[in-house]
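Visitor:
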Amino acid sequence: VLRSLGIPTRVITNFNSAHDRNLNLSIDKYIDISGKVLHLTEDSVWNFHVWNESWFIRRDLGSFYDGWQVLDATPQERSKGMYQCGPASTRAIKEGDVNLDYDSSFVFAAVNADCVTWIHYSNKRKEKIYSDTRKIGKSISTKAVGTNFRVDVTANYKYPEVKEISFKIAYAQYKKSLMDDRKILVTAV
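Yeah, the sequence shown ends on 189 if you go by the UniProt record's numbering, and it's all consecutive.
(1) Which residues in the same chain have their Cβ closer than 8 Å to the Cβ of residue 152, if we skip the five residues on either side of it in sequence?
(2) Once the 5 residues before and after residue 196 are set aside, which same chain residues still bring their CB inside 6 Å of it?
(3) CA-CA distance, residue 1 and residue 155?
(4) Compare the C-alpha of residue 113 against each of 11, 6 and 22 and name the closest.
(5) Can you tell me the Cα-Cα spacing of residue 37 and residue 67, whole angstroms?
(6) Look at residue 31 and residue 119 and say whether their C-beta atoms are less than 7 Å apart.
(7) Skipping 5 residues on each side, what residues in its chain have a beta carbon closer than 6 Å to that of residue 167?
(8) Under 7 Å between C-beta atoms, does residue 152 make it to chain B?
(9) Please say whether residue 27 and residue 115 have beta carbons closer to each other than 7 Å?
(10) Buried or exposed: residue 109, going by 16 or more other Cβ atoms within 10 Å of its Cβ?
(11) Does residue 76 pass the burial test, meaning 16 or more other C-beta atoms within 10 Å, or should it be called exposed?
(12) For the beta strand (DSSP E) containing residue 56, name the first residue and the last one.
(13) Per DSSP, which residues does residue 14 bridge with? Please list them.
(14) Does DSSP put residue 3 in a helix, a strand or coil?
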């Protein structure tokens, strides 16, 4: 429909796509002290998920967010009371601007959530024992114009992961290390 209106649109496939039900930007797995999986979350990782991108000028968000926008015709969660997703700016997703309207946090998690394993103790205490920052959004692709070849658009959604991070650090320290990585990347360019 958008193409028929003259709006550039393409199909995007995200491999290892996160479905973050509680919007905490991580896919959480809970186990008990014996290693048995506990079903305490509805988060999941799908082999792939497909959505559309369309090229918009974003007067509502500012020109920084112009460009490709994520629109999901098969939303799995309610957004503002309706089953809808987008238009979420790919620039906002890449920059981690998850507090914008139009489901930027949900799409950010789909391509960049951490997969975290927790030990859940009987006294409601939990302890993070593992975090995989590289599993989600392994390859984000679209079809090349005029051919059947794949075009990798992962860099439109996320910065390269350039640093291993210990899995037993405070969340604030983890977030700071991500910002440090981004400053290094911006400085290097």
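The C-beta atom is built at its ideal place from N, Cα and C for all residues, glycine as well.
What you are looking at is a predicted structure, and each value in this text was computed from that prediction instead of being measured.
Guide: Put simply:
(1) Start at 1 with the first residue of the sequence shown, and residue 152 comes out as number 152. If we look at residue 152 and ignore the five residues flanking it on each side, its Cβ neighbours are 139, 140 and 141.
(2) In the structure displayed, the chain extends from 1 to 189; residue 196 sits before or after that span and is not available.
(3) What you label residue 1 is simply residue 1 of the sequence shown in a count that begins at 1. What you label residue 155 is simply residue 155 of the sequence shown in a count that begins at 1. Answer to the nearest angstrom: the Cα atoms are 27 Å apart.
(4) By one-based count along the sequence shown, residue 113 stands at place 113. Closest by alpha carbon: 22.
(5) Along the sequence shown, one-based indexing puts residue 37 at 37. Along the sequence shown, one-based indexing puts residue 67 at 67. Their Cα atoms are separated by approximately 42 Å.
(6) Position 31 of the sequence shown holds residue 31. Position 119 of the sequence shown holds residue 119. A contact, by the Cβ cut-off of 7 Å.
(7) Within the sequence shown, the letter at position 167 stands for residue 167. Reliability of the predicted coordinates at residue 167 is poor, the pLDDT of 49 falling under 50, and no value is obtained from them.
(8) The structure shown contains no chain B; it holds only a single protein chain.
(9) For the purposes of this step, residue 115 is identified with residue 115 of the sequence shown, where counting begins at 1. For the purposes of this step, residue 27 is identified with residue 27 of the sequence shown, where counting begins at 1. Closer than 7 Å, so yes.
(10) Mapped onto the sequence shown, residue 109 falls at position 109. Per the 10 Å Cβ criterion, buried.
(11) Within the sequence shown, residue 76 is the residue found at index 76, counting from 1. It is exposed - the Cβ of residue 76 has fewer than 16 other Cβ atoms within 10 Å.
(12) Counting from one through the sequence shown, the residue named residue 56 turns up at place 56. Taken as a continuous stretch (DSSP letters only), the beta strand (DSSP E) holding residue 56 covers 44-56.
(13) Within the sequence shown, numbered from 1, the residue matching residue 14 stands at position 14. Note: residue 14 sits in a beta bridge opposite 49 and 140.
(14) Within the sequence shown, residue 3 is the residue found at index 3, counting from 1. Residue state, collapsed to three classes: helix.
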